[in-house]
Amino acid sequence: MSSQLFHRIYEIVLRIPKGKVATYGQIARLAGNNRAARTVGWVLHALPDESPAPWHRVINRSGRSSFPEAAKRSLQRALLEQEGVVFDENGVVDLAVFQWDGAES
DNA sequence: GCATTGACTCTAG
DNA sequence: CCTAGAGCCAATG
Numbered sequence: 292m293s294s295q296l297f298h299r300i301y302e303i304v305l306r307i308p309k310g311k312v313a314t315y316g317q318i319a320r321l322a323g324n325n326r327a328a329r330t331v332g333w334v335l336h337a338l339p340d341e342s343p344a345p346w347h348r349v350i351n352r353s354g355r356s357s358f359p360e361a362a363k364r365s366l367q368r369a370l371l372e373q374e375g376v377v378f379d380e381n382g383v384v385d386l387a388v389f390q391w392d393g394a395e396s
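Counting along the first sequence from 1, when you hit position 10 you're at 301 in my numbering, and nothing is skipped either side.
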């Protein structure tokens with residue numbers, strides 16, 4: 292399959308433990324392409340509705356979501372806060388604390 | 001099949 | 001902090 296990268300990224304996203312977040316670049320690295328962050332973004336934006344993938348746990352390297360719509364960002368923030376992730380006054384997640392190690396669950 | 005775009009990231013200035 | 005260029009992958013026109 293040529294879309295194996297899609298599947299790989301998908302599995303990695305599903306592996307993100309609750310209360311943690313991962314960056315596009317991190318997922319891309321785990322998927323085998325350290326710079327395919329754009330593809331990760333594409334996978335998440337193209338996820339079907341029935342996808343259990345926690346897209347809200349995926350953020351950019353700044354610890355902030357890059358949604359074109361503020362509504363989704365608010366939703367993502369709410370979901371993460373429900374899982375115990377804290378946002379600062381700028382709406383940024385402390386990656387030093389909440390970024391997924393990528394090695395456990 | 002080529003060109004453009006996109007929920008990205010890195011390096012350099 | 002901001003801009004610019006390069007790299008990667010798939011969708012879309």
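Even for Gly, the Cβ is constructed at its ideal location relative to N, Cα and C.
Which listed residue (the options) has its alpha carbon closest to that of residue i
i, options, result
"V376", "R364, S365 and F389", "F389"
"W391", "Q295, V331, L321 and F297", "L321"
"A394", "P339, A313 and R355", "A313"
"G354", "D385, L370, D340 and I300", "D385"
"I300", "P308, K309 and G323", "G323"
"A337", "A387, N381 and S294", "S294"
"G382", "S356, E341 and K309", "S356"
"V331", "Q317, R368, L371 and D379", "Q317"
"R306", "P343, P339 and N325", "P343"
Integer Cβ distance of residue i from residue j, believed to fall under 8 angstroms
i, j, result
"L296", "A327", "7 angstroms"
For residue i: DSSP bridge partner residues
i, result
"Q390", "V312"
"V384", "F378"
TODO: Taking only runs that begin and end inside the region 305-365, name each unbroken alpha helix (DSSP H) of 4 or more residues, in chain order.
DONE: 315-322 and 328-336
Task: contact_flag[the region 345-358, the region 304-319] where n(CB pairs < 8 angstroms) is 3 or more - done: Verdict: yes, contact present.
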